[in-house]
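Chemist: Residue numbers (the working numbering), protein chains in the order written: chain A, 1 to 351; chain B, 1 to 351. Below is one structure. I have some questions about it.
2 protein chains.
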Amino acid sequence: MKKGRVTIIDIARELSIAPSTVSRALKDHPALKKETKDAVRALAKKLDYQPNLLALNLLQKKSNTIGVIVPEITSHFFSAIITGIQDVIGDSEYNIMICLSNESYEEEAVIIKKLLKIQVDGVLVSPTSETKNFDHFRTLQKNDIPVVVFDRDCPGLEADKVLVDDYAGAFQAVEYLIKSGCTKIAHLGGPLNLSTTKHRLQGYLDALENADIPIRKEYIEHVPGFSHDDGLKPAERLLKLEDLPDAIFAMNDNIAISAMHIARKMALKIPDDISIVGFDDEPHSSYFRPSLSTVWQPVYSLGMLSARIILHRLNDKGPQKNFRQEVFKPELVLRASSRECASRKNDKVKL
Amino acid sequence: MKKGRVTIIDIARELSIAPSTVSRALKDHPALKKETKDAVRALAKKLDYQPNLLALNLLQKKSNTIGVIVPEITSHFFSAIITGIQDVIGDSEYNIMICLSNESYEEEAVIIKKLLKIQVDGVLVSPTSETKNFDHFRTLQKNDIPVVVFDRDCPGLEADKVLVDDYAGAFQAVEYLIKSGCTKIAHLGGPLNLSTTKHRLQGYLDALENADIPIRKEYIEHVPGFSHDDGLKPAERLLKLEDLPDAIFAMNDNIAISAMHIARKMALKIPDDISIVGFDDEPHSSYFRPSLSTVWQPVYSLGMLSARIILHRLNDKGPQKNFRQEVFKPELVLRASSRECASRKNDKVKL
DNA sequence: AAAGACTATGCAAAGGTTTGCATTTTCCTA
DNA sequence: TAGGAAAATGCAAACCTTTGCATAGTCTTT
Numbered sequence: 001m002k003k004g005r006v007t008i009i010d011i012a013r014e015l016s017i018a019p020s021t022v023s024r025a026l027k028d029h030p031a032l033k034k035e036t037k038d039a040v041r042a043l044a045k046k047l048d049y050q051p052n053l054l055a056l057n058l059l060q061k062k063s064n065t066i067g068v069i070v071p072e073i074t075s076h077f078f079s080a081i082i083t084g085i086q087d088v089i090g091d092s093e094y095n096i097m098i099c100l101s102n103e104s105y106e107e108e109a110v111i112i113k114k115l116l117k118i119q120v121d122g123v124l125v126s127p128t129s130e131t132k133n134f135d136h137f138r139t140l141q142k143n144d145i146p147v148v149v150f151d152r153d154c155p156g157l158e159a160d161k162v163l164v165d166d167y168a169g170a171f172q173a174v175e176y177l178i179k180s181g182c183t184k185i186a187h188l189g190g191p192l193n194l195s196t197t198k199h200r201l202q203g204y205l206d207a208l209e210n211a212d213i214p215i216r217k218e219y220i221e222h223v224p225g226f227s228h229d230d231g232l233k234p235a236e237r238l239l240k241l242e243d244l245p246d247a248i249f250a251m252n253d254n255i256a257i258s259a260m261h262i263a264r265k266m267a268l269k270i271p272d273d274i275s276i277v278g279f280d281d282e283p284h285s286s287y288f289r290p291s292l293s294t295v296w297q298p299v300y301s302l303g304m305l306s307a308r309i310i311l312h313r314l315n316d317k318g319p320q321k322n323f324r325q326e327v328f329k330p331e332l333v334l335r336a337s338s339r340e341c342a343s344r345k346n347d348k349v350k351l
Numbered sequence: 001m002k003k004g005r006v007t008i009i010d011i012a013r014e015l016s017i018a019p020s021t022v023s024r025a026l027k028d029h030p031a032l033k034k035e036t037k038d039a040v041r042a043l044a045k046k047l048d049y050q051p052n053l054l055a056l057n058l059l060q061k062k063s064n065t066i067g068v069i070v071p072e073i074t075s076h077f078f079s080a081i082i083t084g085i086q087d088v089i090g091d092s093e094y095n096i097m098i099c100l101s102n103e104s105y106e107e108e109a110v111i112i113k114k115l116l117k118i119q120v121d122g123v124l125v126s127p128t129s130e131t132k133n134f135d136h137f138r139t140l141q142k143n144d145i146p147v148v149v150f151d152r153d154c155p156g157l158e159a160d161k162v163l164v165d166d167y168a169g170a171f172q173a174v175e176y177l178i179k180s181g182c183t184k185i186a187h188l189g190g191p192l193n194l195s196t197t198k199h200r201l202q203g204y205l206d207a208l209e210n211a212d213i214p215i216r217k218e219y220i221e222h223v224p225g226f227s228h229d230d231g232l233k234p235a236e237r238l239l240k241l242e243d244l245p246d247a248i249f250a251m252n253d254n255i256a257i258s259a260m261h262i263a264r265k266m267a268l269k270i271p272d273d274i275s276i277v278g279f280d281d282e283p284h285s286s287y288f289r290p291s292l293s294t295v296w297q298p299v300y301s302l303g304m305l306s307a308r309i310i311l312h313r314l315n316d317k318g319p320q321k322n323f324r325q326e327v328f329k330p331e332l333v334l335r336a337s338s339r340e341c342a343s344r345k346n347d348k349v350k351l
């Protein structure tokens, strides 16, 4: 009786043939006699032979692992993306390794080093809100590790990218607020370094300009982070202005809910006194009262596409070029935290 | 110029010594001359030598990977546990591989096979709500892979376990409802197979019995899944009973919120007409109006402890025995969806 | 000066699989 | 039946590191 697991050598010995023949038999090599193949396969099955992937990894210099770097997973946004990624990668020969950067550039850099060390075959990454320099991603590429950036863009980095048209989402949202009669529209933006923050801000600005509404600096605040608590202070600043806004377009749903809280505390009626629109369409946003109008993003699809792209890169060796850039369209979801609008029937509405 | 990455052999050749000497120098083997060590270390640094973990894995027959199997990650509950796990494992030599079973026994079994194939060193698992048979976990153990079960128990499986005292949490919650004057307390339970469901149900039953309140079958409903939508129908059944309950203790926050919705739709006042208490303390539960009373669980700690236990097992080879069973105490969090209670001041309250 | 002790280093195997090339076996044809 | 082509299989290297044992070299002691 052998101790450990069954190897190709055990099978070879038992059948008095060479290990290489066994290997070929198991992969249906055309040069082999049918009988040999059958004998090998039968014995392999009988002994419950399991190929040793560790040996294969060494031989092929690859780990069959794809690293996924995200800032966090406690929000529905990233956990849904990961679910999409997992559902695609799960059917392939690859495994995914999820790494949390905690929105810290430093941790992100450490993760990259770790992934290099274990020789991941590819990396999917949504950079932290602190990341301004992308050289660590380029290091991956120099080591022939394809990188796919998702959701948060890395301007200047040449890589496959799967993004959301944040600009359009923001523009739509603010345009709707204007149509619904709001004129004093404030914005609660995210950390300034982030591409998503910038694009949503630009969408906000352009929608105002497009409607000939002057931009007021005091109506624009930026939050330090993405949690409910991060939004409270900035929301309070907006709602303590002398000339009170009649609408707030927030960077995400959590922040929008912070604004709702402050508004409620100040006895403002939503949406009569003030409309509030978020971004992300987190599942619980529809359960609030008033339910939150927001911008929906195809998170699951985003994850799936990112995964498909990296699988494609991995199968399709060769120099990395012709980078793809896919941009998903978000959709405005109108609920009860924003006023009705005369032309509402003409808008695409998702409830 | 060499093509690939620098190996121990490259260093050996350059210094005209044996690879084994290089290996020993890098691990500070006592038999080596200081000068040799220094020379090796200097060159290793200069060439930016990175040990090839793939080779090590093969040699040591281990993958340095810990599998983490969870039903899903889109809820705050599991994503927070994973964050705790990650924060502990991240500092070790191990990597974690997160696998989603989607509450499907079949998928869970497939995952186990995959983890065996890649030769994980250990597994952390919270079984699906369908899992009644634990032989697949025993298969892991037979292969000398330690298993740590967390949150959801596997009765009869001998393994390390990190659980929450669901019984006590439920008992406390229902006891409070009784103290606050409720007498017709209904329960929205989870899928019946789950240990957590059973224990919470038992806590509910015992709290009633303890107060001499007769148990009414029609006041007990079970939801098929954990999402908001899964709770709607069962909640409706409860609230359409002729003898309306004056309180609902729900399996989790999502279900509690389903109940809140149905109650509101029926113009019931919360908590005046009906008190509602959830379980889990999801972050958004405090933002609802009325804010949700619920039972808080130390999710992050639960993840960290599970991770520590498996690391300990991995360092501490030898036969698996003396399994640990750790049980965390949950805490009742009183908010606005339940009535005040005369003796409230005496309770430990977390807001 | 020789034996013994100790220090420093090298050799080679092991871990399991794949693959180009070499070799053997089989079969057909002249 | 020899020759050669074609079919089937084997050999050995490669992937990189670790480690028990062997060996070479140095020093000490009698």
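Ideal Cβ placement from N, Cα and C applies to all residues, glycine included.
1. Buried or exposed: where does Thr-183 (chain A) fall if 16 or more other Cβ atoms within 10 Å of its Cβ makes it buried?
2. Would you mind sorting Lys-161 (chain A) into buried or exposed? The rule is 16 or more other CB atoms within 10 Å of its CB.
3. Is the CB of Tyr-287 (chain B) under 8 angstroms away from at least one CB in chain A?
4. Give me whichever residues DSSP pairs with Ile-112 (chain A) in a beta bridge.
5. In three-state DSSP terms, what is Lys-233 (chain B)?
6. With a threshold of 16 other CB atoms inside 10 Å of the CB of Leu-351 (chain B), please say whether the residue is buried or exposed.
7. Closer than 9 angstroms, Cβ to any Cβ of chain A: which residues of the segment 182–210 of chain B, in chain order?
8. Pop quiz: Asp-151 (chain A) and Ile-66 (chain A) are said to be a contact at Cβ under 8 angstroms. What is the actual Cβ separation, rounded to whole angstroms?
9. Using only CA atoms, which one of A:Thr-131, A:Ala-211, A:Tyr-287 and A:Val-125 lies nearest to Pro-146 (chain A)?
10. Of all the residues that make up the segment 224–256 of chain B, which are near chain A by a beta-carbon distance shorter than 7 angstroms?
11. Rounding to the nearest angstrom, what Cα-Cα distance links Phe-78 (chain A) and Lys-46 (chain B) in this structure?
12. Looking at the structure shown, is Ser-126 (chain A) part of a helix, part of a strand, or coil, going by DSSP?
13. Looking at chain A, is there any beta carbon in it that lies within less than 8 angstroms of the beta carbon of Met-97 (chain B)?
14. Can you tell me which of the three DSSP states Ile-11 (chain B) falls into?
15. If you reduce the DSSP assignment to three classes, tell me which class Val-68 (chain B) lands in.
16. Note the first and the last residue of the continuous alpha helix (DSSP H) segment covering Gln-86 (chain B).
17. Check each candidate in A:Lys-117, A:Leu-314, A:Asn-95 and A:Thr-294 and name the one with the smallest Cα separation from Val-93 (chain B).
18. Got a sec, what are the start and stop residues for the beta strand (DSSP E) Gly-189 (chain B) sits in?
19. Cα-Cα, which of A:Ala-18, A:Glu-175, A:Thr-196 and A:Asp-144 is closest to Glu-154 (chain A)?
20. Run down chain A in chain order and give the residues with a C-beta less than 9 angstroms from the C-beta of Thr-83 (chain B).
21. Under 8 angstroms by Cβ, that's how I've got Ser-338 (chain A) and Pro-271 (chain A) pegged, so tell me the actual separation to the nearest angstrom.
22. If distances are taken between C-alpha atoms only, which option among A:Asn-95, A:Leu-53 and A:Pro-127 comes closest to Ser-101 (chain A)?
23. Looking at chain B, which residues of the segment 114–128 of chain A have a Cβ within less than 7 angstroms of any of its Cβ atoms?
24. Which term fits Ser-285 (chain A), buried or exposed, when burial requires 16 or more other beta carbons within 10 angstroms of its beta carbon?
25. Determine, using beta carbons only, whether Ser-63 (chain A) comes closer than 8 angstroms to chain B.
26. Nearest chain B C-beta to His-284 (chain A) closer than 8 angstroms, yes or no?
27. Would the segment 7–17 of chain B count as touching the segment 321–331 of chain A if we require 3 or more Cβ pairs under 8 angstroms?
28. Using a C-beta to C-beta distance shorter than 8 angstroms, which residues of chain B count as neighbours of Ala-55 (chain A)?
29. Show which residues of chain B have a CB atom less than 7 angstroms away from the CB atom of Gln-141 (chain A).
30. Would you mind telling me which residues of chain B sit closer than 8 angstroms to Gln-50 (chain A), beta carbon to beta carbon, in chain order?
31. Is it right to say Gln-325 (chain B) is buried, meaning 16 or more other beta carbons lie within 10 angstroms of its own, or is it exposed?
32. Is there a Cβ from chain B that is less than 8 angstroms from the Cβ of Gln-86 (chain A)?
33. Is there a C-beta anywhere in chain A that falls below 8 angstroms from the one on His-136 (chain B)?
34. Where does the unbroken beta strand (DSSP E) through Glu-221 (chain B) begin, and where does it stop?
35. Measure the CB-CB distance between Gly-203 (chain B) and Asp-166 (chain B) and report whether it falls below 8 angstroms.
Modeler: The relevant details are as follows:
1. Its Cβ having fewer than 16 others within 10 Å, Thr-183 (chain A) is exposed.
2. By the neighbour-count criterion, in which 16 or more other beta carbons inside 10 Å mark a residue as buried, Lys-161 (chain A) falls on the buried side.
3. The beta carbon of Tyr-287 (chain B) sits closer than 8 angstroms to some beta carbon of chain A.
4. Note: Ile-112 (chain A) sits in no beta bridge, so no partner.
5. It is helical.
6. With a pLDDT of 43 at Leu-351 (chain B), under the threshold of 50, the modelled position of that residue is not reliable, and the figure given next carries that caveat. It counts as exposed.
7. Those residues of the segment 182–210 of chain B that come within reach of chain A (Cβ to Cβ, closer than 9 angstroms) do not exist; the list is empty.
8. For a cut-off of 8 angstroms, the C-beta gap from Asp-151 (chain A) to Ile-66 (chain A) is around 17 angstroms, too long to register as a contact.
9. Distance from the Cα of Pro-146 (chain A) is smallest, within the candidate group A:Thr-131, A:Ala-211, A:Tyr-287 and A:Val-125, for A:Val-125.
10. Within the segment 224–256 of chain B, the qualifying residues are His-228.
11. For Phe-78 (chain A) and Lys-46 (chain B), the distance between alpha carbons rounds to 40 angstroms.
12. DSSP places Ser-126 (chain A) in coil when its eight states are reduced to three.
13. It does; some Cβ of chain A falls within 8 angstroms.
14. For Ile-11 (chain B), the secondary structure class from DSSP, reduced to helix, strand or coil, is helix.
15. Strand, per DSSP.
16. Run containing Gln-86 (chain B): 76–89, per the alpha helix (DSSP H) assignment.
17. One point to set straight first is that residue 93 (chain B) is Glu, not Val, in the sequence displayed. Nearest of A:Lys-117, A:Leu-314, A:Asn-95 and A:Thr-294 to Glu-93 (chain B), Cα basis: A:Lys-117.
18. Boundaries of the beta strand (DSSP E) harbouring Gly-189 (chain B): 185–189, taken from the DSSP string.
19. According to the sequence displayed, residue 154 (chain A) carries Cys and not Glu. In terms of Cα proximity to Cys-154 (chain A), the closest of A:Ala-18, A:Glu-175, A:Thr-196 and A:Asp-144 is A:Thr-196.
20. Result: Glu-72, Ile-73, Thr-74, Leu-100 and Asn-102.
21. Right, their Cβ atoms sit about 5 angstroms apart.
22. Measuring C-alpha to C-alpha distances from Ser-101 (chain A) to each of A:Asn-95, A:Leu-53 and A:Pro-127 identifies A:Pro-127 as the nearest.
23. Taking 7 angstroms as the Cβ-Cβ cut-off against chain B, the residues of the segment 114–128 of chain A that qualify are Lys-117, Ile-118 and Gln-119.
24. A residue is called buried once 16 or more other Cβ atoms fall within 10 Å of its Cβ, and Ser-285 (chain A) is buried on that count.
25. It does: the Cβ of Ser-63 (chain A) has a partner Cβ on chain B nearer than 8 angstroms.
26. With its beta carbon less than 8 angstroms from one in chain B, His-284 (chain A) belongs to the interface.
27. The segment 321–331 of chain A and the segment 7–17 of chain B do not touch, with fewer than three beta-carbon pairs separated by less than 8 angstroms.
28. In chain order: Leu-58.
29. Chain B residues near Gln-141 (chain A): none, gap ~15 angstroms exceeds 7 angstroms.
30. Taking a Cβ-Cβ threshold of 8 angstroms, the residues of chain B close to Gln-50 (chain A) are Leu-116 and Lys-117, in chain order.
31. So Gln-325 (chain B) ends up on the exposed side.
32. Using beta-carbon distances, Gln-86 (chain A) counts as an interface residue toward chain B, with a partner under 8 angstroms.
33. His-136 (chain B) does not count as touching chain A.
34. Counted as a single uninterrupted DSSP element, the beta strand (DSSP E) harbouring Glu-221 (chain B) occupies residues 220–222.
35. Cβ distance < 8 angstroms, so Gly-203 (chain B) and Asp-166 (chain B) count as in contact.
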